[in-house]
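Data first, discussion second: the structure below is written as structure tokens.
Numbering (our numbering), first residue to last: 1 to 333.
Structure follows, in structure tokens:
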């Protein structure tokens, strides 16, 4: 998912301090859900499930991460994707094929007792179906978290919210948000903490990327950064063979974009892609309001419907419900 710009963005990533994270965060919902489904799994890659076999990894991620946000003074707004653009049809097909292949390899790894391989392939097999999306929306509603339904790409609306001053930053793993013009991107917000990476546990911390710093540091306009991405490959086009981010940057600085496209991407018309990043369809209407979590209905939903333990859920709800000496939601919102 996303565009492979890490090699040229890396110098402009900075550790996020606690004060960098407070305020309204526009959360790329699909990105976060994929992260939860990929990471929150048993050692052999099996996701968390209830007794009926329904996946609950995403519900665990939403509940514990969102309540953690609230305690930190972060006001999340979840932005869900709408209808994907026609430009994305190829990518959607390729991702489906990758998931299906990963599912087959996961099954084989489990049969062979290859735990490390099973977990790796399981992560790649994650998918968002109607049950996952519906239950995610239900839980967010019960938690009092506002949800925005984007007309197309959620990243575009998440970025627009920051550009128009509705939100402070976009929370996503993908650099695409910079192409959509997000002034401030916070990565690792939904996956911070200890997680498995390449067979070992690592500590992942939130980091910030400021678009103006990237453009100034690379001496590019936003349009030129988009052209770099087009050469590397985006969700809307395949990249030029043998061209990574650093090579693409050199080509753009040398004024050789058209030549590379003509030689290596002859079937690609870059103009619709560039225009989609610059002028994507967005809602532009963001009536956001945070409400207090509905304690009883959350218990009924998570514990009654999906088999979560009340001993785990209740103490967390008490921390954000104003009981005891904890801050209340009113003090945040």
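All C-beta atoms in this analysis are idealised placements derived from N, C-alpha and C, irrespective of residue type, glycine included.
What is the rounded straight-line gap between the Cα of residue 261 and the Cα of residue 231? Near 7 Å, if we compare the C-alpha coordinates of residue 231 and residue 261.
Could you tell me whether the stretch 161 to 179 touches the stretch 74 to 91, where touching means 3 or more Cβ pairs closer than 8 Å? yes
According to DSSP, which residues form a beta bridge with residue 26? 77 and 170
Validate contact between the stretch 274 to 292 and the stretch 139 to 156 using beta carbons, cut 8 Å, 3 pairs: yes
Straight-line CA distance for residue 294 to residue 127? 28 Å
Coarse secondary structure for residue 329, derived from DSSP in three states: Because the pLDDT of residue 329 is 40, which lies under 50, any placement of that residue in the model is unreliable, and the number read from its coordinates should be weighed accordingly. Reduced to three states, the DSSP call for residue 329 is helix.
Can you tell me the Cα-Cα spacing of residue 136 and residue 256, whole angstroms? 45 Å
For residue 189, I'd like the list of residues in its chain whose CB is within less than 6 Å of its CB, leaving aside the five on either flank, ordered along the chain. 171 and 206
Count the CB pairs spanning the stretch 148 to 159 and the stretch 56 to 69 that are closer than 8 Å, and state whether there are at least three. no
Determine the extent of the alpha helix (DSSP H) in which residue 259 is found, giving its start and end residues. Counting along the chain, the alpha helix (DSSP H) containing residue 259 begins and ends at 257 to 264.
In or out: residue 29 buried (at least 16 other Cβ within 10 Å) or exposed? buried
Can you check whether the CB of residue 240 is closer than 9 Å to the CB of residue 218? no
With residue 153 and residue 81 assumed to form a contact (beta carbons below 8 Å), what rounded beta-carbon distance in angstroms separates them? 6 Å
Spatial neighbours of residue 14 in its chain, beta-carbon cut-off 7 Å, leaving aside the 5 residues before and after: In the same chain as residue 14, and ignoring 5 residues on each side of it, the C-beta atoms closer than 7 Å to its own belong to 207 and 208, in chain order.
Work out the CA separation of residue 60 and residue 41 for me, nearest whole Å. Using only the alpha carbons, I get a separation of about 11 Å.
Starting from the C-beta of residue 9, find all residues in its chain whose C-beta is less than 7 Å away, skip the five residues before and the five after it, and write them out in chain order. 175, 209 and 214
Which residues does DSSP pair with residue 14 in a beta bridge? 208
Among 320, 19 and 27, which one has its Cα closest to the Cα of residue 173? Minimum Cα-Cα distance from residue 173 among the listed residues 320, 19 and 27 corresponds to 27.
Segments assigned beta strand (DSSP E), at least 3 residues, entirely inside the stretch 105 to 175: 147 to 149 and 169 to 171
Taking all protein chains shown into account, decide if residue 324 is buried (16 or more other Cβ within 10 angstroms of its Cβ) or exposed. Note that residue 324 has pLDDT 37, beneath the 50 cutoff, so the model's placement of it is unreliable and no number is given.
At the level of alpha carbons, what is the spacing between residue 36 and residue 279? 30 Å
Just verifying my parser: in three-state terms, what is the DSSP assignment at residue 243? coil
Under 8 Å by Cβ, that's how I've got residue 211 and residue 178 pegged, so tell me the actual separation to the nearest angstrom. 5 Å
For residue 134, tell me which candidate among 55, 238, 155 and 46 has the shortest Cα-Cα distance. When only C-alpha atoms are compared, the closest one is 55.
Expressed to the nearest angstrom, what Euclidean distance is found between the alpha-carbon atoms of residue 333 and residue 21? At residue 333, the pLDDT of 34 sits below 50, so the modelled position is not reliable and the matter cannot be decided from this model.
Could you please give the first and the last residue of the uninterrupted alpha helix (DSSP H) stretch that includes residue 316? 310 to 320
Within the continuous beta strand (DSSP E) that includes residue 186, where are the two ends? 184 to 187
For residue 270, does the three-state DSSP call read helix, strand or coil? Looking at residue 270 - three-state DSSP - the assignment turns out to be helix.
Can you tell me whether DSSP reads residue 234 as helix, strand or coil? Taken through DSSP and simplified to helix, strand or coil, residue 234 comes out as strand.
Boundaries of the alpha helix (DSSP H) in which residue 55 is found, first to last residue: It is not in any alpha helix (DSSP H) - residue 55 carries neither H nor E in the DSSP assignment.
Within 10 angstroms of the Cβ of residue 251, are there 16 or more other Cβ atoms? Answer buried if so, exposed if not. It is buried - the Cβ of residue 251 has at least 16 other Cβ atoms within 10 Å.
DSSP state of residue 98, grouped into three classes? Note: residue 98 maps to helix in three-state DSSP.
Beta-carbon within less than 8 Å of residue 316's beta-carbon, same chain only, minus the 5 sequence neighbours each way: which residues are those? 63, 64 and 67
By the DSSP assignment, the alpha helix (DSSP H) with residue 297 in it spans what residues? Residues 295 to 298.
Exposure label - residue 275; buried when at least 16 CB within 10 Å: Exposed.
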